[in-house]
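Same order as they appear, the protein sequences are chains L and C. Numbering-wise, the first sequence is residues 279 to 542 according to this note's numbering. Numbering-wise, the second sequence is residues 279 to 542 according to this note's numbering. Yeah, the Cβ is synthetic: ideal placement off N, Cα and C, and Gly gets one too. Treat the numbers as computed from the prediction; the structure is a model and nothing was measured.
2 protein chains.
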Amino acid sequence: MVGFGAATEVRRVGEGRFETVLDGGYAIAGALNGGYLLAVLARAAVAASPHTHPVSTAATFLRVAAAGPAEVIVEPRKEGRTTATSLVTLVQDGRPTVDALITTGTLDAGDEPAWSGAEPPGMPPLERCAPFRPVPGARDFTDRLDLRFDPALMGWVDGRPSGRPEVRAWLRLRDGYAPDPYSLALAVDALPPVTLNLGRNGWAPTVELTWHMRAVPAPGWLAVHGTGRLLAGGWFDEDVEVWDSTGCLVAQSRQLARAPRTPE
Amino acid sequence: MVGFGAATEVRRVGEGRFETVLDGGYAIAGALNGGYLLAVLARAAVAASPHTHPVSTAATFLRVAAAGPAEVIVEPRKEGRTTATSLVTLVQDGRPTVDALITTGTLDAGDEPAWSGAEPPGMPPLERCAPFRPVPGARDFTDRLDLRFDPALMGWVDGRPSGRPEVRAWLRLRDGYAPDPYSLALAVDALPPVTLNLGRNGWAPTVELTWHMRAVPAPGWLAVHGTGRLLAGGWFDEDVEVWDSTGCLVAQSRQLARAPRTPE
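Written out as structure tokens, the structure reads:
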């Protein structure tokens, strides 16, 4: 089993061209996790930039990515003193699989927020939280990711969805990889769809996901909190906030996804 | 004065190529409003798509756009049965000015939400709200847009910022143009920066803005509510929700912007 660092590695093969080998260990039911793919894209964006962090990533998921070789194309759109923006595309079998507009910048690890109105989610202590395996018995990305869920929001596991689209969990990588921009990309798309708590049990493919890195994360567990506002017309939104072990908001995301069609 | 419809018109001049004339009436202090530009991009995306609505727009603002001629390039990335995704670029003086990944789809005007957890903002009635002109005496986009602000969140006008990044207003176009997907694009970037209520009075350039159209809006005034979570490292986020006159959430956005450097 390769670690998260190696699984997201990109190798420069030309001006704005990178090769990578996508790791099937980050799949659920055969589809590679979107956050894992965004981590790979962020590595390529930063490798091609004079700046250090993927501050903003706005991605659309065009096709399902499979384990194995892929290319990442980084097309510079603007380079400035404090930021640079590129169109970053994951290409597999000659077709664009994920497109992302990524703006890189440099955040200062020592920076105190000038203002924060957000409160860390009231997670129960780790020992009162429980793991969950999406497909019982199958190997999936929970072999790589240690997720411990707040049991109060896991009623859907026993057919008792809470009726509110909300899920939260502690998260860390099992290989000991410490929180950094790339594991934040993974964290913003690591929760099961919040629509499970509305009794919608099917697959919920992400169409668009935007995430912002807001601070350099401290070592330790991350707390990941997902909520939704509206399920309408076959679409739902899911906001995820990621908090580090010191209680700082380190990443924010919103995705728009197709909802499973009918309650099952 | 041309109406909003004409001001956002695009004319097809080739496969995936459109011409437009940007209307200086949508500027504030010389810079064209980002939401106005996104309305123009959305028109081109829909014109080049088999679908009806700009469901998801993820945009990065690369350079300031000026009034006058511009081109819009629509590059298809994927076309499916229910959605199509394009990279849509506003080009001025031969340089990309705004890049947007736009996914079109078709929302049904009669659709009731399957679930909604969002509450319309508690706006005071229109007659207790007040207009505000960003640059007193100057002509700007408030000649086009009728914005009536909740006075409880406008303390910053008199040097008494509330200390919370929150602003809300009623909004309509003065020319009588009814709410539609394009005026929603305008609405998600029409408020003054929420950082004004943190005592930051400078210009706050948007770097990235993602907005989702969630429902077909009803005629009448829109209620527009902006809030922020974090101001850190020179960056802040602003979430905007747009509600129609029937109390439906019709659009959601988040932008990441550079904060004015120091309290003035």
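Can you tell me whether DSSP reads residue i as helix, strand or coil?
{"i": "residue 499 of chain C", "result": "coil"}
{"i": "residue 341 of chain L", "result": "coil"}
{"i": "residue 295 of chain C", "result": "strand"}
{"i": "residue 424 of chain L", "result": "strand"}
{"i": "residue 416 of chain C", "result": "coil"}
{"i": "residue 405 of chain L", "result": "helix"}
{"i": "residue 308 of chain L", "result": "coil"}
{"i": "residue 433 of chain L", "result": "helix"}
{"i": "residue 281 of chain L", "result": "coil"}
{"i": "residue 542 of chain C", "result": "With a pLDDT of 44 at residue 542 of chain C, under the threshold of 50, the modelled position of this residue cannot be trusted; read the value that follows with caution. In this structure, residue 542 of chain C counts as coil in the three-state DSSP scheme."}
{"i": "residue 346 of chain C", "result": "strand"}
{"i": "residue 527 of chain L", "result": "strand"}
Can you grab the Cα-Cα spacing for the pair residue i / residue j, in whole Å?
{"i": "residue 539 of chain C", "j": "residue 480 of chain C", "result": "8 Å"}
{"i": "residue 378 of chain L", "j": "residue 325 of chain C", "result": "23 Å"}
{"i": "residue 288 of chain L", "j": "residue 382 of chain L", "result": "17 Å"}
{"i": "residue 469 of chain L", "j": "residue 446 of chain L", "result": "8 Å"}
{"i": "residue 415 of chain L", "j": "residue 307 of chain L", "result": "11 Å"}
{"i": "residue 510 of chain L", "j": "residue 345 of chain C", "result": "37 Å"}
{"i": "residue 456 of chain C", "j": "residue 359 of chain C", "result": "29 Å"}
{"i": "residue 514 of chain C", "j": "residue 500 of chain C", "result": "25 Å"}
{"i": "residue 427 of chain L", "j": "residue 400 of chain L", "result": "12 Å"}
{"i": "residue 361 of chain L", "j": "residue 354 of chain L", "result": "12 Å"}
{"i": "residue 296 of chain C", "j": "residue 532 of chain C", "result": "27 Å"}
{"i": "residue 523 of chain L", "j": "residue 530 of chain L", "result": "16 Å"}
{"i": "residue 356 of chain C", "j": "residue 380 of chain C", "result": "11 Å"}
{"i": "residue 461 of chain C", "j": "residue 495 of chain C", "result": "10 Å"}
{"i": "residue 316 of chain L", "j": "residue 453 of chain C", "result": "43 Å"}
{"i": "residue 518 of chain C", "j": "residue 467 of chain C", "result": "8 Å"}
{"i": "residue 536 of chain C", "j": "residue 340 of chain C", "result": "13 Å"}
{"i": "residue 368 of chain L", "j": "residue 521 of chain L", "result": "28 Å"}
{"i": "residue 280 of chain L", "j": "residue 424 of chain L", "result": "16 Å"}
{"i": "residue 387 of chain L", "j": "residue 350 of chain C", "result": "39 Å"}
{"i": "residue 474 of chain C", "j": "residue 334 of chain C", "result": "28 Å"}
Given that a residue counts as buried once 16 or more other Cβ atoms are within 10 Å of its Cβ, and exposed if not, what is residue i?
{"i": "residue 422 of chain C", "result": "buried"}
{"i": "residue 404 of chain L", "result": "exposed"}
{"i": "residue 371 of chain C", "result": "exposed"}
{"i": "residue 375 of chain L", "result": "buried"}
{"i": "residue 438 of chain C", "result": "exposed"}
{"i": "residue 406 of chain L", "result": "exposed"}
{"i": "residue 417 of chain C", "result": "exposed"}
{"i": "residue 436 of chain L", "result": "exposed"}
{"i": "residue 313 of chain L", "result": "buried"}
{"i": "residue 542 of chain C", "result": "Only weak support is given to the placement of residue 542 of chain C: the predicted model assigns it a pLDDT of 44, under 50, and the value that follows is read from those uncertain coordinates. Answer is exposed; the Cβ neighbour count stays below 16."}
{"i": "residue 318 of chain C", "result": "buried"}
{"i": "residue 525 of chain L", "result": "exposed"}
{"i": "residue 498 of chain L", "result": "exposed"}
{"i": "residue 321 of chain L", "result": "buried"}
{"i": "residue 328 of chain C", "result": "exposed"}
{"i": "residue 492 of chain L", "result": "buried"}
{"i": "residue 342 of chain C", "result": "exposed"}
{"i": "residue 528 of chain C", "result": "buried"}
{"i": "residue 284 of chain L", "result": "exposed"}
{"i": "residue 292 of chain C", "result": "exposed"}
{"i": "residue 413 of chain L", "result": "exposed"}
{"i": "residue 516 of chain L", "result": "buried"}
{"i": "residue 397 of chain L", "result": "exposed"}
{"i": "residue 373 of chain C", "result": "exposed"}
Closest to residue i by CA distance: which of the options is it?
{"i": "residue 364 of chain C", "options": "C:336, C:283 and C:373", "result": "C:336"}
{"i": "residue 442 of chain C", "options": "C:380, C:506, C:496 and C:482", "result": "C:506"}
{"i": "residue 434 of chain L", "options": "L:393, L:453 and L:478", "result": "L:478"}
{"i": "residue 482 of chain C", "options": "C:348, C:299 and C:309", "result": "C:309"}
{"i": "residue 410 of chain C", "options": "C:394, C:524, C:395 and C:431", "result": "C:431"}
{"i": "residue 464 of chain L", "options": "L:373, L:488 and L:367", "result": "L:488"}
{"i": "residue 402 of chain C", "options": "C:486, C:303, C:391 and C:503", "result": "C:503"}
{"i": "residue 394 of chain C", "options": "L:302, L:484, L:476 and L:373", "result": "L:476"}
{"i": "residue 338 of chain C", "options": "L:490, L:516 and L:508", "result": "L:490"}
{"i": "residue 389 of chain C", "options": "L:512, L:537 and L:516", "result": "L:512"}
{"i": "residue 429 of chain L", "options": "L:391, L:413, L:484 and L:408", "result": "L:408"}
{"i": "residue 323 of chain C", "options": "C:304, C:298, C:352 and C:348", "result": "C:352"}
{"i": "residue 385 of chain L", "options": "L:458, L:534 and L:282", "result": "L:458"}
{"i": "residue 347 of chain L", "options": "L:392, L:299 and L:391", "result": "L:299"}
May I ask you to check if the CB of residue i is nearer than 6 Å to at least one heavy atom of the ligand GTP?
{"i": "residue 482 of chain C", "result": "For the structure depicted, the ligand GTP is absent and the ligand set is empty, with no information on it obtainable."}
Could you tell me which chain A residues have their CB closer than 7 Å to the CB of residue i, listed as they occur along the chain?
{"i": "residue 340 of chain L", "result": "The displayed structure is made up of protein chains L and C, and chain A is not among them."}
Hey, which unbroken runs of the alpha helix (DSSP H) at 4 residues or more fall wholly within the segment 443-522 of chain C? 459-465
What are the start and end residues of each continuous beta strand (DSSP E) run of 3 or more residues lying completely inside the segment 367-399 of chain C, in chain order? 373-383
Alpha helix (DSSP H) runs wholly inside the segment 308-333 of chain L, at least 4 long, in chain order: 312-325
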